[in-house]
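Residue numbers (this note's numbering): 13 to 218. By construction, the Cβ of each residue, glycine as well, lies at the ideal position given by its N, Cα and C atoms. Here the structure is a predicted model, which means the values were calculated and not measured.
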Amino acid sequence: MTAVALVAAATPAVAQKVPDRIAITPASAEGAILIRVPVMPFTYTLDFSKNGNDGFMSRVYLMKVEGGASGYRYIARTLKPGRYQLNSVWQQGSWGACLAQGTFTIEVVAGRVLWVGTFETGELLARLQGNAVEAGKTVVQSPSVNLFANGDVRPILIGRDDEGLAAAKAFAAATMSKATASVELAQVTDTAFEAGAGNRSIGICG
Numbered sequence: 013m014t015a016v017a018l019v020a021a022a023t024p025a026v027a028q029k030v031p032d033r034i035a036i037t038p039a040s041a042e043g044a045i046l047i048r049v050p051v052m053p054f055t056y057t058l059d060f061s062k063n064g065n066d067g068f069m070s071r072v073y074l075m076k077v078e079g080g081a082s083g084y085r086y087i088a089r090t091l092k093p094g095r096y097q098l099n100s101v102w103q104q105g106s107w108g109a110c111l112a113q114g115t116f117t118i119e120v121v122a123g124r125v126l127w128v129g130t131f132e133t134g135e136l137l138a139r140l141q142g143n144a145v146e147a148g149k150t151v152v153q154s155p156s157v158n159l160f161a162n163g164d165v166r167p168i169l170i171g172r173d174d175e176g177l178a179a180a181k182a183f184a185a186a187t188m189s190k191a192t193a194s195v196e197l198a199q200v201t202d203t204a205f206e207a208g209a210g211n212r213s214i215g216i217c218g
């Protein structure tokens with residue numbers, strides 16, 4: 013994907029453990045999710061809510077993908093048990109694609125590392141960049157944000173077959189030495205939701 017140059021002020025770092033620091037055991041009160049994502053020249057973030065609770069002042073759960081050389085990377089984070097919905101994808105913390113018209117939920121289970129799959133974000137990010145260009149909003153000053161509907165572009169999850177799960181298990185065995193819980197296939201469900209109005213914060217989409 014050819015990235016459009018979107019310019020924003022620096023944003024704060026997201027509190028997120030790298031996979032090799034995830035320490036989930038079968039007796040843990042929390043679980044963990046593991047996702048493989050493409051690396052872009054810029055940083056982007058996945059924005060989740062828990063049990064359908066989202067909106068202004070609601071807590072969001074972020075997974076940040078740092079920009080870098082082209083390729084793929086595994087990202088992970090610990091979460092309390094519950095159902096987590098992907099609400100939006102954000103580029104550089106200032107441009108968001110609201111996924112109200114089509115997204116997915118993940119059931120997090122205590123004491124397990126759950127393989128979600130490879131999330132192919134390229135098409136979503138390309139649509140987001142196109143929306144920013146069309147709206148003439150390719151430059152912003154933080155904390156301003158621009159939130160766009162994703163339209164007919166849906167999140168694409170692949171690698172949820174035996175081969176993908178085996179690769180995730182191999183990655184966990186080689187990298188996640190502090191996690192002794194088994195890696196299992198996550199329960200993922202397609203869904204949609206009613207987006208809130210406005211353009212106020214990263215948590216308003218939902």
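Quiz item: Going by beta carbon distance, what residues of the same chain come within less than 6 Å of R166, once the five residues before and after it are set aside?
Solution: G114
Quiz item: Nearest to L159 by CA position, among L91, N99, L169, A41, is which residue?
Solution: N99
Exercise. Closer than 6 Å by C-beta to M69: which residues in its own chain qualify, once you throw out the five before and the five after it? Chain order, please.
Key: Summary for M69: the model assigns pLDDT 47, below 50, so the residue's position carries little reliability; its value from the coordinates is reported in the next sentence. Taken in chain order, the list of residues that qualify is empty.
Quiz item: By a C-beta neighbour count over all protein chains shown, 10 Å radius and 16 as the cutoff for buried, is Q199 buried or exposed?
Solution: With fewer than 16 other Cβ atoms inside 10 Å of its own Cβ, Q199 counts as exposed.
Quiz item: Just how far apart, CA to CA, sit N63 and V128?
Solution: N63 and V128 have their alpha carbons spaced roughly 17 Å apart.
Quiz item: Going by C-alpha distance, which of L74, T55, A184 is nearest A81?
Solution: T55
Quiz item: Under a three-way DSSP split, which group does F205 fall into?
Solution: coil
Quiz item: Helix, strand or coil: how does DSSP classify E42 here?
Solution: coil
Quiz item: Under a three-way DSSP split, which group does E78 fall into?
Solution: coil
Quiz item: Which term fits D174, buried or exposed, when burial requires 16 or more other beta carbons within 10 angstroms of its beta carbon?
Solution: exposed
Exercise. Please classify T187: does DSSP put it in a helix, a strand, or coil?
Key: helix
Exercise. Determine the burial state of S194: buried for a count of at least 16 other Cβ atoms within 10 Å of its Cβ, exposed for fewer.
Key: exposed
Quiz item: For E78, which residues from the same chain have a beta carbon less than 7 Å from its beta carbon, with the 5 sequence-adjacent residues on both sides left out?
Solution: T55
Quiz item: Alpha carbon to alpha carbon, what distance is there between V49 and A191?
Solution: 20 Å
Quiz prompt | Residue from V145, T187, W107 whose Cα sits closest to the Cα of D32 | solution = T187
Quiz item: Looking at I34 and F131, is the spacing between their C-beta atoms short of 7 Å?
Solution: no
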